[in-house]
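Step one of this worksheet: look at the structure below.
In my numbering, the protein residues as written are 14 to 951.
Dropping the structure here:
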């Protein structure tokens, strides 16, 4: 880029015209450059002094331009001798401060360029100070080492970490060392020397000499600064943060950056600290903590309440810089554990990420970014006047006029009006957000609340409420949790009272609350998002099983706040990408098993709520639950194979694939479906694995299958993932748990019963190597497409149906026996599968798809297919609600009014009696058709 002259876009005014003119003439400048120098020196005594000392250097810098001049400054070699380094760094600081000020005041650099240059300068100074301090170590373990070799590093915190340093900023550092680098024998001596090196480096930077100072250094952000050395081991720091780290320290580490010394070690330390900073679940308790910190700062500084502009603290007072930073950081803390896109350091970057994540709207982001930049520019001008670390707008009118002149405003009044309007805009933008975590009013008397609500058994509800608020359950054991719950309790009770059966809803809420291991985080979530209480009350009223599930897995409620919570389930490929990202963050096998479970819990909860609300119909729900299961299988199979291969070597031959049967194969899973699986492998002539403990092919794939089943079913810290049923494999329970491809082909062609071929109509290969999946798919197609005796096939299916009718005779006549009742799902699916086998049709894995294929092939009358499809879809929709809501079967005589209403809503009926009338009619019609298609033996 070119020099200053052709790029000046703004000009300060000279408050002291004589001083400004002298500075411009000293440099010999003309035109806009002279006006820039005159305005800067005429309004800033500090810059005027720098002009005097650096006039010769400045002439060349103005000609070269700010970018080239700044790069040349940082490229100048610094002697390792401490005294010479101190002088050189102070000269560097003077020149950089002058150059950056002129580039800022003249509009050549925007705010990110200005703060970035200041941050680069600080990093360079710290690195140089480390080098000079280590050079003094002429003997001992650190002699001759660089900072990186010595295991010494500096974390830049706060504005330095985010590359947002202000003009006269302190640098906030945490100095760490690698306590294990030199072995246990040298620990004592090396620790002493690390501290000594750090002390010399800090002194070199911050001491005020005849040449000034480089940077004021603040080391108080380290763990327990009053009792710990200024440089401590990474291991000790990590122990501290993991055990007693506080919310404000988590917020501080959002901006932390490895800035000097052993950069790689610093980055590794920050990566290891990520679980401390970024909690996996939404953290609305952090909002309250940050708001309390915000209030304490204001109280301590006397900044609460209305204030006139003179003396106003632009950083800490309402509407100021810290307000915008807290607005961004608190939302990063709350949501950043789930949304990796929010894990950014800079304030502007954080606001942009929040908009992208749809946490704030574009208008708010634009307004706050504009205000932030303007606030920061004014902050710089306040500090440029006399190189003071100040954020206060001057009290005297004369001093404010000086600031207005340096900032290029036409007058003091114009500046004051501009600043006042901007402060007001920020206050308005953030008020509603911080109001979410403001202390609530004392809770009213619960006895009075309950008495005024339509509970049939108020004494029972009162007794439960006393137990909830009295700390008799884990969720309210802490005083903070009890305080929060008592504030929320009236709202909770009012919402439960709106249910069709308020008493039943209260009982289900009791099950939910009693299942929680802790309550503060969840109650904070409810305080910040009251709409979640409506959903919880609805679940308690309509879905006892889901309410109990939430008690064990309350973290899944976080998902409700996602903007796409009620959107249609994403396609399988998107789910796989999402799950893969979760697995990438898990460092070992056990953590990966937990990561899969946590992800699946949330996804299934979303689907469950959508089913309950009537948002997802039976096809969307079936496909959604099945896609979640398939994504889990596709993700877990390679994880299990990798872990298994560590002991026994890679899979011999072409590997193994997973066939999904039943509802998984047909993409019709419900909330409670297990996984019907068959494992098929192809050793391709290889006889054994070649790992540390090799296994022959049969035992290898059998034990691999057992490990996969365990990965799915084991109760880890996140619970079990799925139940697995492998009885549909060749020879059922008597056969091997994994079957070879050739064995699978031979069994299906020569030994399988008709009922096994019926099951095969729903088979779908869901995981494993693509070539092997294709071969298994072809094998299945060949079996199903083979011609067969229609009379014998229908007789076999009818006989199988008769046996199952007899086995479930007790519920055959029950209206709500959706699976085994007459004209229910089993009857309809038998008719579909028999039709496919008789017509040798393939690729139609669900009953509705089968009926469409049969009509197209001329193997079924369209009217029959339409009636059976309608009955199947209707009952499937009801079954989806049933499986979300209940652990057992639906019984109309004991079901709550909320569940009955959910059933009617899912069916598209106005009320529950109308639903039962329609269900009976659908079942009667379906039964007559199935009896005709599959007549019982004479």
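All C-beta atoms in this analysis are idealised placements derived from N, C-alpha and C, irrespective of residue type, glycine included.
Euclidean distance between Cα positions of residue i and residue j
i	j	result
residue 758	residue 698	16 Å
residue 863	residue 930	27 Å
residue 876	residue 733	44 Å
residue 847	residue 593	39 Å
residue 151	residue 230	26 Å
residue 627	residue 911	13 Å
residue 59	residue 383	28 Å
residue 407	residue 611	54 Å
residue 682	residue 675	9 Å
residue 684	residue 635	9 Å
residue 644	residue 324	60 Å
residue 333	residue 89	38 Å
residue 725	residue 349	28 Å
residue 818	residue 695	39 Å
residue 872	residue 772	20 Å
residue 400	residue 174	21 Å
residue 895	residue 787	36 Å
residue 91	residue 226	16 Å
residue 661	residue 604	21 Å
residue 390	residue 141	29 Å
residue 272	residue 704	44 Å
residue 413	residue 425	6 Å
residue 264	residue 168	15 Å
Burial state of residue i (16 or more Cβ within 10 Å)
i	result
residue 600	exposed
residue 580	exposed
residue 117	buried
residue 237	exposed
residue 804	exposed
residue 221	exposed
residue 123	exposed
residue 742	buried
residue 935	buried
residue 766	exposed
residue 98	buried
residue 177	buried
residue 483	exposed
residue 543	exposed
residue 762	exposed
Rounded Cβ spacing between residue i and residue j (contact assumed at less than 8 Å)
i	j	result
residue 154	residue 203	5 Å
residue 853	residue 800	6 Å
residue 938	residue 880	6 Å
residue 898	residue 559	6 Å
residue 432	residue 322	7 Å
residue 61	residue 54	4 Å
residue 442	residue 343	In fact, because the Cβ distance is near 14 Å, the residues do not count as touching under 8 Å.
residue 943	residue 836	7 Å
residue 533	residue 491	7 Å
residue 421	residue 26	7 Å
Residue closest to residue i, alpha-carbon to alpha-carbon, out of the options
i	options	result
residue 916	889, 194 and 789	889
residue 473	520, 434 and 443	520
residue 195	175, 185, 218 and 164	164
residue 513	483, 347, 466 and 79	466
residue 463	829, 148 and 504	504
residue 778	790, 784 and 772	790
residue 486	516, 530 and 522	530
residue 258	287, 280 and 278	287
residue 572	548, 556 and 79	548
residue 812	946, 63, 793 and 878	946
residue 411	28, 904 and 477	28
residue 737	728, 722 and 751	722
residue 584	501, 668, 680 and 606	680
Kindly provide the ranges of any alpha helix (DSSP H) runs that are 4 or more residues long and lie completely inside the stretch 552-583, ordered along the chain. 557-565
Hey, which unbroken runs of the alpha helix (DSSP H) at 4 residues or more fall wholly within the stretch 16-92? 30-40, 44-56, 58-66, 68-77 and 79-88
Suppose only complete runs of 4+ residues qualify. What are the alpha helix (DSSP H) ranges in the stretch 795-832, listed by chain order? 803-820 and 822-825
Please specify which runs of the beta strand (DSSP E), each continuous and at least 3 residues long, are wholly inside the stretch 163-209, giving them in chain order. 165-169 and 184-190
Jot down the residue ranges of each uninterrupted alpha helix (DSSP H) in the stretch 579-636, minimum 4 residues, whole runs only, in chain order. 585-597 and 602-626
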